[in-house]
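Colleague:
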Amino acid sequence: MFGVCVSVLCYLLPLLSMSSGSVEEENPEFWRSSAQNTLRSALSRNLNTNVAKNVVLFLGDGMGVTTITAARILKGQLQNRSGEETVMNMDTFPHVGLAKVYTVNFQIPDSAATATAYLCGVKTNLNTLGVSAAARTGVCRTQKGNEVTSILKWAKDAGKSVGIVTTTRVQHATPAASYAHSVSRTWYSDADLPSSAVTDGCVDIASQLLRNTDIDVIIGGGRKYMTPKGFPDPEYPTDLSAQGQRKDNRNLIDEWLSMKEGKVARYVWNKTEFDAVDPAKTDYLMALFEPGDLRFDVERDPSMDPSISETTEKAIQILKKNPNGFFLLVEGGRIDQGHHDSRASMALHEAVALDDAVARGLALTNEEETLTIVTADHSHAFTFNGYPFRGNSILGKSPLFATDLLPYTTLMYGNGPGHKITDNKRPDIRDVDTTADDYVQQSAVPLDSETHGGEDVALFARGPMAHLFQGVYEQNYIAHAMAYASCVGTNQEHCAATAPPEKIPFTSTDVGGSAPDTPLCTMMTLMLSVLMSVLLH
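Right, dumping it as structure tokens:
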């Protein structure tokens, strides 16, 4: 076997020595000039210390650094380029940091605990959302008194408009952490509540979507958690799995519409109705395009469901009418689900779609007043390996075979459903199209569903106070930095520092005092004391 491997290597070595880059890349001046351009750009960068009137948070669920790199290459290859040199929209953000994603009780997190961290500013336990770590997973009686609120609520309380856009159900972990409090991320409707939770007074996530925060724009999936049990779905009327699930016979969609009396509120469930929504004449929008999660972007019917770029655009157009600004959460939620299925193609196409939505968001906002962030909640057990040639399909195979004389893909998983061993041998994929959307990458450990990864995730920021996101920090810091930049929540120092003198807010900490204890007053008092001392002596 060793002799065969050596002969294969001898055959490939001459090929490996050949450059697959462009002719200009062989010239050292190409790289020197490129580096100098990047240097000049960095040197000319000025810090934007404005107050962030608007905040747009793009969250790639499961979009670890490996996913970003692979998606970058795929995006370039979809444009008939080599791919590696492609610049993603998120790549253009000048400030980059790393967030530590562990939870209070687990080394590797889930999307509920991480969302609580970066939205509510508090780390918590696995599978819980909108509660502190004092609450216990699945134990309803530990929830009361341990609720924590999110930046979405802080923004709403500050007079801003708020919205959520997701490619999953709107009751899923990421969006739910922005408005709900639950010791179980899976209590989507009242049908999911155990009897003990009902007895102890816990409320399902879908119900909390209506009662906790007045959200202006709600876009995603999850119709079946909003309607009574057996209620036929408008798109799939004969599909029993798509029917309403609520045991309390409430129709939360109708309730939501009735709550908006006196306002222009629209509920839509397909693209035709969605396209007919005029943002200039709409105060509230709820758009639920599927009974559960939305379809993968490559499987999406564009005549029925809009893209994440289109939903992002509609949300911003509605929210930006508020002169006080807005907060918008946009989640590319099915990146994560593609990875759990070990279908790298699906995950990467979802990441590319999210990056396209980032471009749409930037085009619709002003960087001088809008803080835009792109980050992930966690990564996956996803590897980019082997020694593929430059320009090799990111979904393709390594040119070198393994020691078992079988090929392997450059994208693989540490665990997952792709572990298939027959007679102590891996599947032979020489004649398999590994670029197909439904191809399941091989994995080292057999699991029905691939797991998350625990390494730090990248955060990209641009706009007011984006420099606050440089460095390495705990994931819960993100919520506090966003709040500080936009003058919402408890820390109003940035707002005071940037306001005109006559508008600087003052809050006295002296219950009986009448004069503010400001640095200026303190300094004047000291100067007066010194002057009196000189005059008296």
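Taken in order, the sequence shown gives residues -21 to -1, 1 to 516; the numbers are from mature numbering (1 follows the signal peptide of the UniProt record, and there is no 0).
Note that CB positions come from ideal geometry on N, CA and C, so glycine has one too.
Here the structure is a predicted model, which means the values were calculated and not measured.
Consult DSSP for Ser493 and reduce its assignment to one of helix, strand or coil.
Modeller: As a position in the sequence shown, residue 493 is number 514, starting the count at 1. Any reading at Ser493 must be qualified, since the residue scores a pLDDT of 36, below 50, and its modelled position is unreliable; no value is offered.
Colleague: Could you check which residue in Gln420, Ala458, Leu18 and Gln122 has the C-alpha nearest to that of Ala326?
Modeller: By one-based count along the sequence shown, residue 326 stands at place 347. Comparing Cα positions, the closest option is Gln420.
Colleague: Within its chain, find whatever has a CB closer than 6 Å to the CB of residue 520; leave out the 5 residues flanking it on each side and keep chain order.
Modeller: Absent from the structure is residue 520, since the part of the chain shown begins at -21 and ends at 516.
Colleague: Comparing alpha-carbon positions, which option in Arg441, Glu453, Asp171 and Ala458 lies nearest Thr28?
Modeller: Here residue 28 corresponds to residue number 49 of the sequence shown, with the count starting at 1. It is Arg441 whose Cα lies nearest to the Cα of Thr28.
Colleague: Could you give the uninterrupted runs of the beta strand (DSSP E) lying entirely in the region 53 to 123, keeping only those of 3 residues or more?
Modeller: You should have 74 to 79.
Colleague: CB of Leu57 to nearest heavy atom of the ligand GTP: below 7 Å?
Modeller: Among the components of this structure there are no ligands whatsoever, and the ligand GTP is therefore not found.
Colleague: Using only the alpha-carbon positions, how far apart do Ala155 and Gln224 sit?
Modeller: In the sequence shown, the residue the question calls residue 155 occupies position 176. In the sequence shown, the residue the question calls residue 224 occupies position 245. Cα to Cα, Ala155 sits roughly 18 Å from Gln224.
Colleague: What's the gap between the Cα of Pro207 and the Cα of Glu214?
Modeller: Position 228 of the sequence shown, counted from the first residue, corresponds to residue 207. Position 235 of the sequence shown, counted from the first residue, corresponds to residue 214. Looking at the two C-alpha atoms, the distance is approximately 16 Å.
Colleague: I think Val144 touches Ala437, with their Cβ atoms under 8 Å apart; what is that distance to the nearest whole Å?
Modeller: Stepping through the sequence shown from its first residue, residue 144 is reached at position 165. Stepping through the sequence shown from its first residue, residue 437 is reached at position 458. Contact flag wrong, Cβ pair sits at about 21 Å.
Colleague: For the alpha helix (DSSP H) that Thr349 lies in, which residues bound it at each end?
Modeller: Sequence index remark: in the sequence shown, residue 349 carries index 370 (1-based). Per DSSP, Thr349 belongs to no alpha helix (DSSP H); it is in the beta strand (DSSP E), Thr349 to Ala355.
Colleague: Does the region 284 to 293 come close enough to the region 217 to 235 to have 3 or more Cβ pairs within less than 8 Å?
Modeller: no
Colleague: Nearest-angstrom Cα distance between Leu350 and Gly100?
Modeller: Walking along the sequence shown from the start, residue 350 turns up at place 371. Walking along the sequence shown from the start, residue 100 turns up at place 121. If I take the Cα positions, the gap works out to 17 Å.
Colleague: With respect to the alpha helix (DSSP H) encompassing Gly209, which residues constitute its N-terminal and C-terminal limits?
Modeller: Taking the sequence shown and counting its residues from 1, the one referred to as residue 209 is at position 230. From DSSP, Gly209 is part of no alpha helix (DSSP H); its letter is neither H nor E.
Colleague: Measure how close the beta-carbons of Phe253 and Ala266 come, nearest whole angstrom, since I'm counting them as under 8 Å.
Modeller: As a first step, residue 253 must be located in the sequence shown, where it is residue number 274. As a first step, residue 266 must be located in the sequence shown, where it is residue number 287. The pair is a contact, with the Cβ atoms about 6 Å apart (cut-off 8 Å).
Colleague: Once the 5 residues before and after Ile52 are set aside, which same chain residues still bring their CB inside 6 Å of it?
Modeller: Translated into positions along the sequence shown, residue 52 becomes position 73. Here the set comprises Gly62, Glu63 and Ile373.
Colleague: Which runs of the alpha helix (DSSP H) fall wholly inside the region 298 to 327 and span at least 4 residues, in chain order?
Modeller: 313 to 319
Colleague: Beta carbon of Asn68, beta carbon of Asp334: below 8 Å?
Modeller: Numbered from 1 along the sequence shown, position 89 holds the residue referred to as residue 68. Numbered from 1 along the sequence shown, position 355 holds the residue referred to as residue 334. Yes. Within cutoff.
Colleague: Under 7 Å Cβ to Cβ from Leu298, same chain only, skipping five residues before and after it: list those, please.
Modeller: Within the sequence shown, residue 298 is the residue found at index 319, counting from 1. Once the five neighbours on either side are set aside, the close Cβ partners of Leu298 are Ser140, Gly142, Asp195, Val196, Phe305 and Leu307.
Colleague: Could you give the distance in angstroms between the alpha-carbon of Gly138 and the alpha-carbon of Ser465?
Modeller: Position 159 of the sequence shown, counted from the start, is the residue given in the question as residue 138. Position 486 of the sequence shown, counted from the start, is the residue given in the question as residue 465. Straight-line Cα distance between these residues: approximately 12 Å.
Colleague: Distance, Cα to Cα, Gln454 vs Phe368?
Modeller: The sequence position of residue 454 within the sequence shown is 475, counting from 1. The sequence position of residue 368 within the sequence shown is 389, counting from 1. Approximately 36 Å between the Cα atoms of the pair.
Colleague: Taking only three categories from DSSP, how would you classify Ile47?
Modeller: To locate residue 47, count along the sequence shown from 1; it is residue 68. Ile47 carries a helical assignment under DSSP once its states are collapsed to helix, strand and coil.
Colleague: Using beta-carbon positions only, say whether Tyr158 and Thr116 come within less than 8 Å of one another.
Modeller: Your numbering for residue 158 matches position 179 in the sequence shown. Your numbering for residue 116 matches position 137 in the sequence shown. Contact: no.
Colleague: By the DSSP assignment, the alpha helix (DSSP H) with Val177 in it spans what residues?
Modeller: For this step, residue 177 is matched to residue 198 along the sequence shown. Taken as a continuous stretch (DSSP letters only), the alpha helix (DSSP H) holding Val177 covers Ser174 to Thr178.
Colleague: Under 8 Å, do Phe439 and Val75 count as touching if we go by C-beta distance?
Modeller: Taking the sequence shown and counting its residues from 1, one reaches residue 439 at position 460. Taking the sequence shown and counting its residues from 1, one reaches residue 75 at position 96. It is a contact, given that the beta carbons lie within the stated cut-off.
Colleague: Counting only runs that start and end within the region 352 to 407, where is the beta strand (DSSP E) found for 3 or more residues in a row?
Modeller: 361 to 363 and 390 to 395
Colleague: Near Ser428, which residues of its chain fall below 6 Å by C-beta distance, leaving aside the five closest residues on each side in sequence?
Modeller: Position 449 of the sequence shown, counted from the start, is the residue given in the question as residue 428. Only His319 meet the Cβ criterion.
Colleague: So what's Gly200 in DSSP terms, helix, strand or just coil?
Modeller: The sequence position of residue 200 within the sequence shown is 221, counting from 1. Gly200 falls in the strand class under three-state DSSP.
Colleague: Can you tell me whether His431 is buried or exposed, with buried defined as 16 or more other CB within 10 angstroms of its CB?
Modeller: Residue 431 sits at position 452 when you count from the first residue of the sequence shown. His431 should be labelled buried.
Colleague: Taking buried to mean at least 16 other C-beta atoms within 10 Å of its own C-beta, is Tyr366 buried or exposed?
Modeller: As a position in the sequence shown, residue 366 is number 387, starting the count at 1. With fewer than 16 Cβ atoms within 10 Å of its Cβ, Tyr366 is classed as exposed.
Colleague: Could you check whether Thr146 and Leu22 sit closer than 8 Å to each other, using their CB atoms as the reference points?
Modeller: Position 43 of the sequence shown, counted from the start, is the residue given in the question as residue 22. Position 167 of the sequence shown, counted from the start, is the residue given in the question as residue 146. No, the pair does not count as a contact, with Cβ atoms beyond the cut-off.
Colleague: Tell whether a beta-carbon distance below 8 Å holds between Phe275 and Arg313.
Modeller: As a first step, residue 275 must be located in the sequence shown, where it is residue number 296. As a first step, residue 313 must be located in the sequence shown, where it is residue number 334. Yes. Within cutoff.
Colleague: With a threshold of 16 other CB atoms inside 10 Å of the CB of Ile400, please say whether the residue is buried or exposed.
Modeller: Locating residue 400 in the sequence shown gives position 421, counting from the first residue. The residue in question, Ile400, is exposed, as its Cβ has fewer than 16 Cβ neighbours within 10 Å.
Colleague: Ends of the alpha helix (DSSP H) at Arg19?
Modeller: Position 40 of the sequence shown, counting from 1, holds the residue named residue 19. Run containing Arg19: Pro7 to Leu22, per the alpha helix (DSSP H) assignment.
Colleague: Judging by CA-CA distance, which residue of Ala176, Val66 and Pro443 is the nearest neighbour of Glu347?
Modeller: For this step, residue 347 is matched to residue 368 along the sequence shown. Cα-wise, what sits closest to Glu347 is Pro443.
Colleague: Please say whether Arg405 and Leu385 have beta carbons closer to each other than 8 Å?
Modeller: Translated into positions along the sequence shown, residue 385 becomes position 406. Translated into positions along the sequence shown, residue 405 becomes position 426. For Leu385 and Arg405, yes; Cβs fall inside 8 Å.
Colleague: Given a threshold of 16 other Cβ atoms within 10 Å of its Cβ, counted over all protein chains shown, does Thr469 qualify as buried or as exposed?
Modeller: Along the sequence shown, one-based indexing puts residue 469 at 490. An exposed status is given to Thr469, since fewer than 16 other beta-carbon atoms sit within 10 Å of its beta-carbon.
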